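**Student:** Structure in structure tokens, see below.
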Amino acid sequence: MERVDTIVVGAGVAGLAAARVLAGAGRRVAVLEARDRVGGRVWTVRDGDEATDLGASWIHGVAGSPVAAAAEALGMRTVEFTVGGYQPDSRPIAYYGPDAARLTDAEARRFADDIHAVDATLGPVIARSPSHASYRDVTEEALGAQGWDAQRIERVREYLQHRSEEQYGVAIEDLAAHGLDDDAIDGDEVVFPDGYDALPRALASGLDIRLSTPVSHLRWSPAGVEATTSAGVLSAAHAIVTLPVGVLRSGDVVIEPPLPEPVAGALSRLEMNAFEKVFLRFDTRFWDEDVYAIRQQGPAGAWWHSWYDLTALHGTPTLLTFAAGPAARAVRAWSDRRIADAVLAPLRRLYGERVPGPRRVHVTRWQDDPFARGSYAYMTRGSTTADHDDLATPVGGVLHLAGEATWTDDPATVTAALCSGHRAACRVLGTALPIRRVWRDAPAAP
0 MERVDTIVVG AGVAGLAAAR VLAGAGRRVA VLEARDRVGG RVWTVRDGDE
50 ATDLGASWIH GVAGSPVAAA AEALGMRTVE FTVGGYQPDS RPIAYYGPDA
100 ARLTDAEARR FADDIHAVDA TLGPVIARSP SHASYRDVTE EALGAQGWDA
150 QRIERVREYL QHRSEEQYGV AIEDLAAHGL DDDAIDGDEV VFPDGYDALP
200 RALASGLDIR LSTPVSHLRW SPAGVEATTS AGVLSAAHAI VTLPVGVLRS
250 GDVVIEPPLP EPVAGALSRL EMNAFEKVFL RFDTRFWDED VYAIRQQGPA
300 GAWWHSWYDL TALHGTPTLL TFAAGPAARA VRAWSDRRIA DAVLAPLRRL
350 YGERVPGPRR VHVTRWQDDP FARGSYAYMT RGSTTADHDD LATPVGGVLH
400 LAGEATWTDD PATVTAALCS GHRAACRVLG TALPIRRVWR DAPAAP
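Each residue of the sequence shown is one higher than the one before, starting from 0 at the first, in numbering that gives the first Met the number 0.
Okay, structure coming up:
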């Protein structure tokens, strides 16, 4: 049986961050990765000079972001694209009403003001909500406090529903009342025209990474950890497990003895979402100039309501939309072409027959990925924000969980993955190290 100092399960950003810190401290580390590539849910595909990030795309707020610091140190080129979360007015947005007519600037301003008014009411409502409350429950209470007519309330209600779906890929009635507490952005947001995967590829440099090596069993005791893989058994004094919540809950990897409290309880209250990207590339641009997003109100926008203009990344007319929550589950078995046709139908309702067929379509399939089982984790009803950190509670002094779901301040992000991997490595070492140790010796992006 081969023995190392630390086993890291998963070569996503969390696992690579942990492995780099440990290797830099002189520890023998083996990274076990089920896929045939590094990066996990950071995955870039390329078509000529065009890079498409099928997983993580943004740094959501560069101010004080360790991922932004790493990207700068590694020479990764960025383009500012500030979405501001699912906000009503953070950038120029072309709003179309239920009648398919574009809202005037004054109408769009009044709509955004209505959303801000509800949000101002919403904070205190969430703070006093019971543990079992959903985001639907608290938003309905906040809406009811406004005293508006039915149509005005309905426009904001559907917006709040779409916010839950687009931010966390889950129906509003299934998301915990506190599920969007982290919905805040510090500084500009950026995307990577050359691909986000430059980050994990740089972090992977020089590490002992064993691709196409899925783990089936993890056995732990105070004496250490054994990992059974498709290539044999490894043992180590410690293991850092960066499997997504969907995989941890699936039972595909058996952990013996079972995870204790508070880890098990936290895991039971977090679930993987249904959230897929749909990229449409066109030969010509047909949509509004000088806007970063198109949004459709009313019943016609139940599934497809927001399209984001990514043309600035490569100069090719490109729109991105999302199949989120109920929509993502409903279209899961559809072909890419059928999904593209469904996305184009409401666009033709807004822009007419000048909407051409796309020359290229990318549809992600994270729900069907056995090594992810969704895009990222969300808080179910009954969950609290403490569940994220509780999931990372060290087990027996030898087993440590890391990944985007284990970081309270900014879950569901690459920042959370990187920070949680760094934290796990520091716990194994028994000392605090600056986070820049994660990328300090990594090679610059090509």
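From the three backbone atoms N, C-alpha and C, an ideal C-beta is built for every residue, glycine too. Note that the structure is a prediction, hence the values are computed from the model and not measured.
1) So who's on the other strand from Met-271, going by DSSP bridges?
2) Hey, how far is the Cα of Ala-443 from the Cα of Trp-286?
3) Can you confirm whether the region 354 to 361 touches the region 233 to 246 when touching is taken to mean that 3 or more C-beta pairs between the two stretches lie within less than 8 Å?
4) Take every Cβ of the region 10 to 30, pair it with every Cβ of the region 314 to 327, and state whether three or more of those distances are shorter than 8 Å.
5) Quick one: which unbroken alpha helix (DSSP H) runs of 4-plus residues sit fully inside the region 223 to 297? Chain order, please.
6) Considering only the beta carbon of each residue, do Val-155 and Val-117 sit closer than 7 Å?
7) What are the boundary residues of the beta strand (DSSP E) that Val-427 is part of?
8) Using the Cα positions of Tyr-85 and His-161, report the straight-line distance between them to the nearest angstrom.
9) Please identify the residue among Gln-145, Ala-175, Glu-157 whose C-alpha is closest to the C-alpha of His-131.
10) I believe Leu-210 touches Arg-19 by the beta-carbon criterion, under 8 Å. Please report the beta-carbon distance rounded to the nearest angstrom.
11) Out of Gly-373, Ile-152, Ala-341, Ala-149, point me to the one whose CA is closest to Leu-247's CA.
12) Going along the chain, which residues of its own chain have a beta-carbon closer than 7 Å to the beta-carbon of His-452, five neighbours each way excluded?
13) I'd like the list of long-range same chain contacts for Gly-23, defined as Cβ closer than 8 Å, with 5 residues on each side in sequence excluded.
14) So who's on the other strand from Arg-45, going by DSSP bridges?
15) Compare the C-alpha of Gly-186 against each of Asp-48, Leu-312, Arg-127, Thr-81 and name the closest.
16) Taking the CB atoms as reference points, tell me whether Val-7 and Ala-17 lie closer together than 7 Å.
17) Give me the DSSP bridge partner(s) of Glu-79.
18) Are the beta-carbon atoms belonging to Glu-79 and Arg-135 less than 7 Å from one another?
19) Three or more C-beta pairs closer than 8 Å, one from the region 29 to 49 and one from the region 57 to 73: is that the case here?
20) Quick test of the definition: if touching needs 3 or more C-beta pairs under 8 Å, does the region 419 to 432 touch the region 48 to 59?
21) Consult DSSP for Ser-128 and reduce its assignment to one of helix, strand or coil.
22) State buried or exposed for Pro-65, treating a residue as buried only when at least 16 other CB atoms are found within 10 Å of its CB.
23) Taking the Cβ atom as the reference point for each residue, do Ala-391 and Leu-398 lie within a distance shorter than 7 Å?
24) For Arg-353 and Ala-107, I'd like the C-alpha separation in whole angstroms.
25) Between the C-alpha atoms of Ala-168 and Glu-188, what's the straight-line distance to the nearest angstrom?
26) For Thr-317, write down the residues that DSSP places opposite it in a beta bridge.
27) Between Ala-100 and Leu-349, what straight-line distance do the alpha-carbon atoms span, to the nearest angstrom?
28) What are the boundary residues of the alpha helix (DSSP H) that includes His-304?
29) May I have the straight-line CA-CA distance separating Glu-164 from Thr-120, to the nearest angstrom?
30) Work out the CA separation of Asp-196 and Thr-414 for me, nearest whole Å.
31) Any chance the region 281 to 297 sits against the region 86 to 96, with 3 or more Cβ pairs inside 8 Å?
32) Leaving aside the five residues before and after Ser-128 along the sequence, list all residues of the same chain whose C-beta is less than 6 Å from its C-beta, in chain order.
33) Taking only runs of the alpha helix (DSSP H) that begin and end inside the region 104 to 153, which ones reach a length of at least 4 residues, in chain order?
34) Which residues share a DSSP beta bridge with Thr-5?
35) I'd like to know if the region 253 to 264 and the region 217 to 226 are in contact, where contact means that at least 3 CB-CB pairs between them fall below 8 Å.
**Tutor:** Taking the structure as given:
1) According to DSSP, Met-271 shares a beta bridge with Ala-376.
2) Cα to Cα, Ala-443 sits roughly 37 Å from Trp-286.
3) Flag = no, the region 233 to 246 and the region 354 to 361 do not touch.
4) No contact exists between the region 10 to 30 and the region 314 to 327.
5) Within the region 223 to 297, the complete alpha helix (DSSP H) runs of at least 4 residues are 244 to 249, 262 to 267.
6) Yes, the Cβ-Cβ distance between Val-155 and Val-117 is below 7 Å.
7) Per DSSP, Val-427 is not a residue of any beta strand (DSSP E); the alpha helix (DSSP H) it occupies stretches across 413 to 428.
8) Straight-line Cα distance between these residues: approximately 8 Å.
9) The option with the nearest alpha carbon to His-131 is Ala-175.
10) Your pair Leu-210 and Arg-19 does not check out as a contact, with CB atoms roughly 17 Å apart and the cut at 8 Å.
11) Measuring from the Cα of Leu-247, the nearest candidate turns out to be Gly-373.
12) Only positions 0 to 445 of the chain appear in the structure, and residue 452 is not among them; the question remains open.
13) Hits under 8 Å: Arg-436, Arg-439, Asp-440.
14) Answer is Ala-50, bridged to Arg-45.
15) Comparing C-alpha distances from Gly-186 to each of Asp-48, Leu-312, Arg-127, Thr-81 shows the shortest one belongs to Thr-81.
16) Ala-17 sits close to Val-7, with the two beta carbons spaced by under 7 Å.
17) Bridge pairing for Glu-79: Val-189 [DSSP].
18) Their beta carbons are not under 7 Å apart, which means Glu-79 does not touch Arg-135 by this criterion.
19) Contact between the region 29 to 49 and the region 57 to 73 is absent, because fewer than three Cβ pairs lie under 8 Å.
20) Taking 8 Å as the limit for Cβ pairs, the verdict is that the region 48 to 59 does not touch the region 419 to 432.
21) Of the three classes helix, strand and coil, the one that applies to Ser-128 here is coil, per DSSP.
22) Under this definition Pro-65 is a buried residue.
23) Contact flag unset, no.
24) C-alpha separation (whole angstroms): 25 Å.
25) As written in the sequence, residue 168 is Gly, which differs from the Ala given in the question. Rounded to whole angstroms, the gap between the alpha carbons of Gly-168 and Glu-188 is 20 Å.
26) Paired residues: Arg-280.
27) Their backbone Cα atoms lie some 7 Å apart in a straight line.
28) No residue range can be given for His-304, since it is assigned to no alpha helix (DSSP H) and is classified by DSSP as neither H nor E.
29) The alpha-carbon atoms of Glu-164 and Thr-120 are separated by roughly 21 Å.
30) If I take the Cα positions, the gap works out to 14 Å.
31) Between the region 281 to 297 and the region 86 to 96 there are three or more inter-stretch CB-CB distances shorter than 8 Å, so the stretches are counted as touching.
32) Answer for Ser-128: Val-137, Ala-176, listed in chain order.
33) List check, alpha helix (DSSP H) in window: 104 to 126, 134 to 143.
34) Under DSSP, Thr-5 takes part in a beta bridge, and its partners are Val-28, His-237.
35) Judged by pairs of C-beta atoms under 8 Å, the region 253 to 264 touches the region 217 to 226, as three or more such pairs exist.
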